[in-house]
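Protein chains: 2
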Amino acid sequence: MVASMSINQATPILKPARPQPKAPGPALGPCAACDIRALSICNVLSAGELERLRRIITQVQVDAGRTVIEEGAPAEDLFNVVAGTVKLYKLLADGRRQITGFLFPGDFLGIALNDIYAYTAEAIEPLQLCRFPRRKLELLLAELPRLERRLFGEVAHELAAAQDQMLLLGRKTAKERVASFLLQLSRRAAKRRQPPSPLPMPMSRADIADYLGLTTETVSRSFTQLRQAGLIAKDRQNRVEIRNLAGLSALAEDAGEA
Amino acid sequence: MVASMSINQATPILKPARPQPKAPGPALGPCAACDIRALSICNVLSAGELERLRRIITQVQVDAGRTVIEEGAPAEDLFNVVAGTVKLYKLLADGRRQITGFLFPGDFLGIALNDIYAYTAEAIEPLQLCRFPRRKLELLLAELPRLERRLFGEVAHELAAAQDQMLLLGRKTAKERVASFLLQLSRRAAKRRQPPSPLPMPMSRADIADYLGLTTETVSRSFTQLRQAGLIAKDRQNRVEIRNLAGLSALAEDAGEA
DNA sequence: CGACTCGTTGACTCTCTTCAAGGATAGTGG
DNA sequence: CCACTATCCTTGAAGAGAGTCAACGAGTCG
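Chains as they are written, first to last, in my numbering: chain X, 173 to 430; chain Z, 173 to 430.
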């Protein structure tokens, strides 16, 4: 029974982009210099196709704590995370919150069902985003089947992750949940070509709790238990070091997981 | 900590179809007589397109308790549920089970990520399925963009449902979970043009428990509470009647749900 | 330096689980 | 047709894991 009232007034304000620091290739504009292109949906496009995509993109920035999209609002845009961390969540009427996912650079945001966003997305860290107007993107998708396929794969991937999370929320103990969470962060960091072990933790304990279906206290206690068991450690920057990957995996993992 | 050992030996046996009772339209074969076509992915296809799809379809039947697809197995086929009920689940190494969804006639089955099924699908009732070989279907999708879009929508829908379920598993009480479950069944029945109120319950208490992240005992007790509160009732066939829709919704629902 | 937020830890509570038993229903075989 | 068994559902009593309430320490910011 967690309320998790964030004090931040989550007003959806998207700053228009700061003037781009003009990358070398003038044709591709910001895309040429984009260091997460290889991770994002853009990675299936040829130079010419990328240029077409670029034309409908707006670069936007979002301050930490601000809302990018809001549950129930008309789904007018989709986004690609270029830099920063995002949390997605749904609320119950009385304020109970469930975080359904965290997004990192390269991740895609905004797939909606009935032209209505099904969840809220809020910046944990200052964000750099690529914004795609939905209408224009849909027109483009009809002409770029590879991009559409890529997007399909993205959604299928999210679905698989959601199913893993259901297993976690429905059947794992607190300690197992935290272990699973750390391993997930580690794997995703590795995919972004970042070190898998001293893990930066931009999200708060409350965020982790609302992601894992626990309370901040229980998350904290679980961290302590894992630390005392020698599975993890913390450095001064509050990063989490994985000391015993096998042990952590044994604790977290289900029958067959990636 | 639920084990939910089902005794049934879940061997994946797909019976080749019984000889089709030859529907009037000879061209469309089984599709012409298919009474769930309007619900399924087929509903976006013209007659000619449907015929192309039909050519790659095999009709199969599955006995109750048998496995249709198995977590970890190579994803060679996709299916459309024509008749019967399916449960999808994932297992932990020690046998704990999480049911990630139930499928009813019209629902689609088998979207996989890395050509590997991410979950097991088991028949609750005897099934009638349309089987699509994945390879052939993929080739066809490239030529039938409408079908691909339809499938995309299907996956997006599943994702949204999964997010709702995460909210349920992470933050709702036992009574709220059961109420949500009943409403979900009711809505889906209505979509299939079946009466939304005396709800047939083909799944066992154990299945419901593993779907809601509870135990059979807690599910049973919650049912009793809802019954005593006058929100639901049961008839002799074990169907659940919704007596107070508003009350049930108030109990179940989050901020903004369909 | 004080006010604030965040994370940690402790003590107690409570919801749900676990363990156990009884009742209902369906299928089987004498 | 009626035991007899097996399975499922329900109910009760006791127990445990996580939640709630509360306090304290550490780091931050104005």
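A virtual CB, placed ideally from N, CA and C, is assigned to each residue, including glycine.
Bridge partners - residue i, DSSP secondary structure assignment
{"i": "Arg-269 (chain X)", "result": "X:Leu-263"}
{"i": "Lys-406 (chain X)", "result": "X:Val-412"}
{"i": "Asp-207 (chain X)", "result": "Answer is none; Asp-207 (chain X) lacks a bridge partner."}
{"i": "Thr-230 (chain X)", "result": "X:Arg-303"}
{"i": "Ala-255 (chain Z)", "result": "Z:Gln-300"}
{"i": "Pro-246 (chain Z)", "result": "Z:Ile-288"}
{"i": "Thr-239 (chain X)", "result": "X:Glu-294"}
{"i": "Phe-280 (chain X)", "result": "X:Asn-252"}
{"i": "Leu-217 (chain X)", "result": "Leu-217 (chain X) is not bridged to any residue."}
{"i": "Leu-371 (chain X)", "result": "X:Val-412"}
{"i": "Phe-274 (chain Z)", "result": "Z:Lys-259"}
CB contact below 8 Å: residue i versus chain Z
{"i": "Asp-426 (chain X)", "result": "yes"}
{"i": "Arg-224 (chain X)", "result": "no"}
{"i": "Ser-212 (chain X)", "result": "no"}
{"i": "Ile-283 (chain X)", "result": "yes"}
{"i": "Gly-220 (chain X)", "result": "no"}
{"i": "Gly-278 (chain X)", "result": "no"}
{"i": "Arg-318 (chain X)", "result": "no"}
{"i": "Arg-343 (chain X)", "result": "yes"}
{"i": "Gly-256 (chain X)", "result": "no"}
Test: residue i CB closer than 8 Å to a CB of chain X
{"i": "Val-327 (chain Z)", "result": "yes"}
{"i": "Gln-337 (chain Z)", "result": "yes"}
{"i": "Gln-270 (chain Z)", "result": "yes"}
{"i": "Tyr-289 (chain Z)", "result": "no"}
{"i": "Ala-332 (chain Z)", "result": "yes"}
{"i": "Leu-264 (chain Z)", "result": "yes"}
{"i": "Phe-324 (chain Z)", "result": "yes"}
{"i": "Arg-306 (chain Z)", "result": "no"}
{"i": "Leu-311 (chain Z)", "result": "no"}
{"i": "Gly-419 (chain Z)", "result": "no"}
Beta-carbon spacing of residue i, residue j below 8 Å
{"i": "Cys-302 (chain X)", "j": "Val-254 (chain X)", "result": "yes"}
{"i": "Leu-309 (chain Z)", "j": "Ile-213 (chain Z)", "result": "no"}
{"i": "Ser-414 (chain Z)", "j": "Leu-420 (chain Z)", "result": "Residue identity differs from the one stated: residue 414 (chain Z) is Ile in this sequence, not Ser. Yes. Within cutoff."}
{"i": "Ala-293 (chain Z)", "j": "Ala-284 (chain Z)", "result": "no"}
{"i": "Phe-398 (chain Z)", "j": "Leu-371 (chain Z)", "result": "Before going further, note that residue 398 (chain Z) is Leu rather than Phe in the sequence given. No; because the gap between Cβ atoms is not below 8 Å, this pair is not in contact."}
{"i": "Leu-281 (chain Z)", "j": "Glu-330 (chain X)", "result": "no"}
{"i": "Arg-349 (chain X)", "j": "Leu-340 (chain X)", "result": "yes"}
{"i": "Asp-382 (chain X)", "j": "Arg-269 (chain X)", "result": "yes"}
Buried or exposed (CB count within 10 angstroms, at least 16 for buried), residue i
{"i": "Thr-345 (chain Z)", "result": "exposed"}
{"i": "Thr-396 (chain X)", "result": "exposed"}
{"i": "Asp-279 (chain X)", "result": "buried"}
{"i": "Gly-385 (chain Z)", "result": "buried"}
{"i": "Lys-262 (chain X)", "result": "buried"}
{"i": "Asp-207 (chain X)", "result": "exposed"}
{"i": "Arg-227 (chain X)", "result": "exposed"}
{"i": "Pro-367 (chain Z)", "result": "exposed"}
{"i": "Ser-218 (chain X)", "result": "exposed"}
{"i": "Pro-246 (chain Z)", "result": "exposed"}
{"i": "Lys-363 (chain X)", "result": "exposed"}
{"i": "Arg-359 (chain Z)", "result": "exposed"}
{"i": "Gln-400 (chain X)", "result": "exposed"}
{"i": "Gly-273 (chain Z)", "result": "buried"}
Near the ligand PLP: residue i beta-carbon under 7 Å from a heavy atom
{"i": "Thr-239 (chain X)", "result": "Among the components modelled here there is no ligand, and therefore nothing to report on the ligand PLP."}
Worksheet item: Taking only runs of the beta strand (DSSP E) that begin and end inside the region 283 to 340 of chain Z, which ones reach a length of at least 3 residues, in chain order?
Response: 292 to 295, 299 to 305
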